[in-house]
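Numbering (the numbering used here), first residue to last: 565 to 702.
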């Protein structure tokens, strides 16, 4: 796959992911005020789920408020950085992706379950740390 084709695909993916969120949140301040999509987990327990804040983070990114975006949730900022790197260095990102896919395909079902549980545990631990330290916005 040519470098130009990879850049076009990366740019298309970037706009397909962030474009609709940016348009909706740019004209609707409810997302940055915390009145956007309700979280059932937070309503039931009073604690934010690992995904709480992603919509507000994307809304903050659409307004180019990077500090607020990281404050709401770090994942969209990381995805934006990865997408920009894919635009700048498409062949390097593709090579890394192929190597990671080969490693994942060689894992057994048990190892896939362990990997998934580990990633979920890290997400929960990071979310608990955000809540305990008061870094999670109200």
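Glycine residues also receive a C-beta, built at the ideal position from the N, C-alpha and C atoms.
None of these values were measured; they are calculated from a predicted model.
| Check | Outcome |
| --- | --- |
| Between the C-alpha atoms of residue 665 and residue 693, what's the straight-line distance to the nearest angstrom? | 31 Å |
| Please report how far the alpha carbon of residue 582 lies from the alpha carbon of residue 622, in whole angstroms. | 7 Å |
| I'd like the span of the alpha helix (DSSP H) that includes residue 676, first residue to last. | 673-697 |
| Is residue 628 helix, strand or coil by DSSP? | coil |
| Taking DSSP as the reference, what is the three-state secondary structure of residue 615? | coil |
| My assumption, with CB atoms under 8 Å, is that residue 644 sits in contact with residue 625. Please give the rounded CB distance. | 6 Å |
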